[in-house]
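**Student:**
Residue numbers (the working numbering), protein chains in the order written: chain A, 638 to 924; chain B, 112 to 546.
(1) Would you kindly report the start and end of the unbroken alpha helix (DSSP H) that includes residue 534 of chain B?
(2) Determine which residues share a DSSP beta bridge with residue 746 of chain A and list them.
(3) Looking at the strands, I want to know which residues DSSP matches up with residue 391 of chain B.
(4) What are the residues of the stretch 327 to 343 of chain B that lie near chain A, defined by any Cβ-Cβ distance shorter than 8 Å?
(5) Closest by CA to residue 686 of chain A, which one among A/640, A/887, A/759, A/776?
(6) Could you pull the start and end residues of the beta strand (DSSP E) that residue 506 of chain B belongs to?
(7) Using a Cβ cut-off of 8 Å, pull out every chain A residue sitting near residue 383 of chain B, in sequence order please.
(8) Shorter than 8 Å from the beta carbon of residue 430 of chain B to some beta carbon of chain A?
(9) Would you check if the distance between the CB atom of residue 409 of chain B and the CB atom of residue 514 of chain B is smaller than 8 Å?
(10) Would residue 378 of chain B pass as an interface residue toward chain A - the criterion being a Cβ-Cβ separation below 8 Å?
(11) Taking any Cβ of chain B, which residues in the stretch 885 to 903 of chain A have a Cβ under 7 Å from it, in chain order?
(12) Counting only beta-carbon atoms, is residue 639 of chain A nearer than 8 Å to chain B?
(13) Can you find the residues in the same chain that come closer than 8 Å, C-beta to C-beta, to residue 971 of chain A, ignoring five residues on each side of it along the sequence?
(14) Are the stretch 306 to 325 of chain B and the stretch 863 to 877 of chain A touching, with three or more C-beta to C-beta distances below 8 Å?
(15) What are the complete alpha helix (DSSP H) segments, minimum 4 residues, inside the stretch 176 to 240 of chain B?
(16) Give every residue of the same chain whose Cβ lies closer than 7 Å to the Cβ of residue 813 of chain A, excluding the five residues on either side of it in the sequence, and list them in chain order.
(17) Leaving out five residues on either side along the sequence, give the residues of the same chain with a beta carbon under 8 Å from the beta carbon of residue 863 of chain A.
(18) At a CB-CB cut-off below 8 Å, which residues of chain A make contact with residue 370 of chain B?
(19) Got a sec? Which residues, its chain only, sit under 8 Å from residue 843 of chain A by beta carbon, not counting five neighbours each side?
(20) Determine the contact status of residue 447 of chain B and residue 417 of chain B, defining contact as a CB-CB distance below 8 Å.
(21) Just tell me which of A/789, A/787, A/820, A/788 has its CA closest to the CA of residue 802 of chain A.
(22) Taking C-beta pairs closer than 8 Å, name the residues in chain A that residue 214 of chain B reaches, listed in chain order.
(23) When the Cα atoms are used, what is the spatial distance from residue 673 of chain A to residue 427 of chain B?
(24) Indicate whether at least one CB of chain A lies closer than 8 Å to the CB of residue 352 of chain B.
(25) Which residues in chain B have a C-beta closer than 8 Å to the C-beta of residue 747 of chain A? List them in chain order.
(26) Counting only the same chain and skipping the five closest in sequence on each side, list residues whose C-beta sits under 6 Å from that of residue 307 of chain B.
(27) Does the beta carbon of residue 320 of chain B sit closer than 8 Å to a beta carbon anywhere in chain A?
(28) I want to verify the contact list: residues of chain A whose CB lies under 7 Å from the CB of residue 268 of chain B, in sequence order.
(29) Along the chain, where does the beta strand (DSSP E) that runs through residue 445 of chain B open and close?
(30) Give the C-beta separation of residue 420 of chain B and residue 433 of chain B to the nearest angstrom, bearing in mind that I take them to be a contact with Cβ-Cβ under 8 Å.
(31) If we count the other Cβ atoms within 10 Å of its Cβ and call it buried at 16 or more, is residue 545 of chain B buried or exposed?
(32) Would you check if the distance between the CB atom of residue 874 of chain A and the CB atom of residue 908 of chain A is smaller than 8 Å?
(33) How about residue 763 of chain A: is its C-beta nearer than 8 Å to some C-beta of chain B?
(34) Please report how far the alpha carbon of residue 301 of chain B lies from the alpha carbon of residue 859 of chain A, in whole angstroms.
(35) Leaving aside the five residues before and after residue 582 of chain A along the sequence, list all residues of the same chain whose C-beta is less than 8 Å from its C-beta, in chain order.
(36) Whose Cβ in chain B lies nearer than 9 Å to the Cβ of residue 854 of chain A?
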C-alpha cells in the first residue's frame, strides 16, 4: 500500500511536469524552436499571478483568468517581434536569443521582486486530502493540478485536430513553404503557436507556485524536467508528453522511496536510458 | 588570428601600464614617505572590499544591504581617523551571485585591481570560503561572518593548531545550534524520537555527517534519531520521506532545508497527515518571507536566532541599539527586520574598529595585528578573537525562536529559549505546534 501511494503521488507530479513540457513540445513541433527561457516564463507567470492575487485579493485559480491571456499575448508579441526574426535554416540563433531572454527575465524579476521566496496561497485546499486506508492519501491540490493538466492536454488535442487554427499549425509544421502557398501566414501561425505554448506555461506557472515556493532563479530547474518529459514521451506527441511526464514523476517518486538521494537521479537515469535505447521517445514516431 | 593579435597587444599594454604605475608607487614609497602621508591627509580614501551574494539562491541574505551601507556611511561621516589624518572610507561592494567561482573572481579583482587594504565577506559557505581563500593566498586581511564557523574553518582545510594567517571570522557554530535545539525540545514532553531530513548540498552534507554533524550530538543528548536521508534541493515530492517519518512516529522534526523546499515539504506533510509536535528547522525559517510562503501553518515552527531587535546589544560605532536599528530599517523600507541586517552592519563596524587601531594601514601584517587584538562591542554582541574555539574564530550568541502571529507584520519571531545566553530575554515559553 505504501508503494501504491508512492506511484499515485508520482503520477500526479508527472501531470505537472507534463504541463511544463507541453509548451516546449508544441513550439518545437511547429517551428523547431528550443525555448531556453521557458522555465523563466513559468516563473514570470507565477510573479504575475502573485501581483494579481495580492492587489485584487482573488484566489490563485481565479487569477488564471487574467494571467493566461496576458502571458499568451506576451508570447504572440515575442514571437512576432523577436523570434520570427531569428528563425531560419540555422537552429542556433533562436536558442541564443531565448538564452538572452532567460537572463533578462531572471534579473528583471530579481530587481522588481527581490530574491525573497514567494508562494501563492490557496488556503485550506493546500493541505486537504482524500484518505484511502491508512497509507494512501491523495492531496486535493495535486489531484486538481493533475486534472487540470489532463484537461489542458485534451483541449489542446481537440484544438489541433478539429479547428482551422489547428489545421494551420499542422500545415506549417509539416511543410512551411507549402503552407504559405495554401494561404497560411506562417508568421502569424508561429505567433499563435507561441501564444498557446505560453498560455499553457502560465497555467503551469500558477500551479507550481501553489505547490511550492518560487524565486527569480527557479526557472532553469523547471526547464530541465520539461525537456526530459518531452524526450521520454517523444517529441511532437502531445499524449506522449503527458505519459513522459508521468513516467518521470513516478520514477522520481520510486527512486525517492528507495533513498531520497536517488529521487532526482532516478529521473535523469530513465531519461538517459530512453535517449540511448529509443532516441525518438517511448511514444514518438520513429524517424 | 587578427583578433588574437589584437587582444595580446592590448593585454601587454595594460600590463605595462600596471607595471609603470606600480613602479611609480614603489618609488614614491621609497623616496618620500612623508609626502605620501600628507597626500593621505588630503583625503586619500581607504578602500575596503565587501563580497556578498546579492543575486542567486542566497540573495535573501543580502536583504537590506543598501540600508546597512547607508547607515554605515552616515555613522562614519567624513571618514575615520587613522594616525593623525581623517581619511574617507570607500566600501567596494561586489555581488558573488551565490556562486563560489564568481566569489573567487571578484575577490581577486578587488585585491589586484582595486588594491583593497581589507576584505569583508558574508553569507553562505559558497561566498565566504573562496573569498577568504583568495585573501589568504594574496596576504590580504579578511574578516567574514554569516557562515557557521565549522564549515568556514574545516571546509577550507583549516588546522586548529596553526589556523590561518590573514583570515578571521565571527559567527556561531554547530555545538551552539545543537545546544539551542535540544534545549528547546527539552521543554515539551515528547517520545524523544527525532526525524531529520537534510538538503543534499554543502551545508546539509556537513551537518548530517554521522561523525562530525548533528546525528551523534542528538544521540548524546538522549534523543533517538530517525534519519530520513539527504534530499535533492528543489525536489517537488517528499511523500516518500513523510511516509517514513509517520511510520517511525517522529514527534520532533528537524533538519536543514532551503526555504523554498521546506514550504513544499510542509504542505505535503499536511496533505499526508504528518503532525509532529515540534518542527525545528535550520536555515529555512530565518526570514519572515519564508514563513509568509508557508502561510498560517507557519505558526509554531521554530528555528535558530542569531540576532533580533530584542538582543541587548548596541553598536560601538553609532551607539544605536539593535531595537533602534531595526526600527530605522522598517521606517525607511517599510519591511520587517531580518537577521542578516545586524551581522552585515557588525561586519562594517568591526572593520572600522580594526582600521582605527591599525598602526600602519598599508601593511597587511599590521592590520592582522589589530584584528587579533580586537575586543569590540558591536550590534551583534562582543567580537573578540582571543579565546575563540580556534584562533581565527570569534563566537557570537545563538538562541532559539518560534514564529507566532505578528504585531504589525503578519509573523513575528519570538525568542523562546536562551539557555546558552541568559542575557538575551525570552518573550514567552516554547509551545508545541497547535494542530
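The C-beta atom is built at its ideal place from N, Cα and C for all residues, glycine as well.
**Tutor:** Reading off the structure:
(1) Counting from one through the second chain, the residue named residue 534 of chain B turns up at place 423. Careful: residue 534 of chain B lies outside any alpha helix (DSSP H) and carries neither H nor E.
(2) Position 109 of the first chain, counting from 1, holds the residue named residue 746 of chain A. For residue 746 of chain A, which the question treats as bridged, DSSP gives no partner whatsoever.
(3) Sequence index remark: in the second chain, residue 391 of chain B carries index 280 (1-based). Per DSSP, B/365, B/413.
(4) 339, 340, 341, 342, 343
(5) What you label residue 686 of chain A is simply residue 49 of the first chain in a count that begins at 1. Among A/640, A/887, A/759, A/776, the Cα nearest to that of residue 686 of chain A belongs to A/759.
(6) Counting from one through the second chain, the residue named residue 506 of chain B turns up at place 395. First-last of the beta strand (DSSP E) with residue 506 of chain B: 504 to 506.
(7) Within the second chain, numbered from 1, the residue matching residue 383 of chain B stands at position 272. Result: 766, 774, 776.
(8) Residue numbering aside, residue 430 of chain B sits at position 319 when the second chain is read from its first letter. Closer than 8 Å: no.
(9) Taking the first residue of the second chain as position 1, residue 409 of chain B is located at position 298. Taking the first residue of the second chain as position 1, residue 514 of chain B is located at position 403. Yes.
(10) In the second chain, residue 378 of chain B corresponds to position 267, counting from 1. Output row for residue 378 of chain B: interface = yes.
(11) Within the stretch 885 to 903 of chain A, the qualifying residues are 889, 890, 893, 894, 896, 897, 898, 900, 901.
(12) Translated into the one-based positions of the first chain, residue 639 of chain A becomes position 2. So yes, residue 639 of chain A belongs to the interface.
(13) Outside the modelled stretch of chain A, which goes from 638 to 924, sits residue 971 of chain A, for which no answer is possible.
(14) Too few Cβ pairs lie closer than 8 Å, so no.
(15) 176 to 187, 211 to 223
(16) Start at 1 with the first residue of the first chain, and residue 813 of chain A comes out as number 176. Only 823 meet the Cβ criterion.
(17) Position 226 of the first chain, counted from the start, is the residue given in the question as residue 863 of chain A. So the list reads 654, 657, 658, 660, 661, 675, 676, once near-sequence residues are dropped.
(18) Here the question's residue 370 of chain B lines up with position 259 in the second chain. Result: 754, 850.
(19) Here residue 843 of chain A refers to the residue found at position 206 when the first chain is read from its first residue. The answer, listed in chain order, is 682, 683, 686, 697, 698, 700, 701, 704, 757.
(20) Counting from 1 along the second chain, the entry for residue 447 of chain B is found at position 336. Counting from 1 along the second chain, the entry for residue 417 of chain B is found at position 306. Going by C-beta atoms, residue 447 of chain B is not nearer than 8 Å to residue 417 of chain B.
(21) Your numbering for residue 802 of chain A matches position 165 in the first chain. Of the listed residues, the one whose Cα sits closest to residue 802 of chain A is A/820.
(22) As a working note, residue 214 of chain B is residue 103 in the second chain. What residue 214 of chain B touches in chain A: nothing, since even the nearest Cβ is about 16 Å away.
(23) The sequence position of residue 673 of chain A within the first chain is 36, counting from 1. The sequence position of residue 427 of chain B within the second chain is 316, counting from 1. For residue 673 of chain A and residue 427 of chain B, the distance between alpha carbons rounds to 50 Å.
(24) As a working note, residue 352 of chain B is residue 241 in the second chain. Yes, contact with chain A.
(25) The residue you call residue 747 of chain A lines up with position 110 of the first chain. Within 8 Å Cβ-Cβ: 166, 170.
(26) Translated into the one-based positions of the second chain, residue 307 of chain B becomes position 196. Spatial neighbours of residue 307 of chain B in its own chain (CB-CB distance under 6 Å, excluding positions within 5 residues in sequence) are listed in chain order as 338, 365, 366.
(27) Here residue 320 of chain B refers to the residue found at position 209 of the second chain. False, the Cβ-Cβ gap to chain A never drops below 8 Å.
(28) Indexing the second chain from 1 puts residue 268 of chain B at position 157. Simply none; closest approach about 26 Å.
(29) Counting from 1 along the second chain, the entry for residue 445 of chain B is found at position 334. First-last for residue 445 of chain B: undefined, no H or E at that position.
(30) As a first step, residue 420 of chain B must be located in the second chain, where it is residue number 309. As a first step, residue 433 of chain B must be located in the second chain, where it is residue number 322. The Cβ separation is near 5 Å, so the contact holds.
(31) The residue you call residue 545 of chain B lines up with position 434 of the second chain. By the neighbour-count rule (16 or more Cβ atoms within 10 Å), residue 545 of chain B is not buried but exposed.
(32) Along the first chain, one-based indexing puts residue 874 of chain A at 237. Along the first chain, one-based indexing puts residue 908 of chain A at 271. Contact: no.
(33) Within the first chain, residue 763 of chain A is the residue found at index 126, counting from 1. Yes, residue 763 of chain A lies at the interface with chain B (some Cβ there is under 8 Å from its Cβ).
(34) For the purposes of this step, residue 301 of chain B is taken as the residue at position 190 of the second chain. For the purposes of this step, residue 859 of chain A is taken as the residue at position 222 of the first chain. So the alpha carbons of these two residues sit roughly 39 Å apart.
(35) Residue numbering for chain A in the displayed model covers 638 to 924; residue 582 of chain A lies beyond these limits and cannot be assessed.
(36) Against the first chain, residue 854 of chain A aligns to sequence position 217. Chain B residues near residue 854 of chain A: 166, 167, 168, 170, 209.
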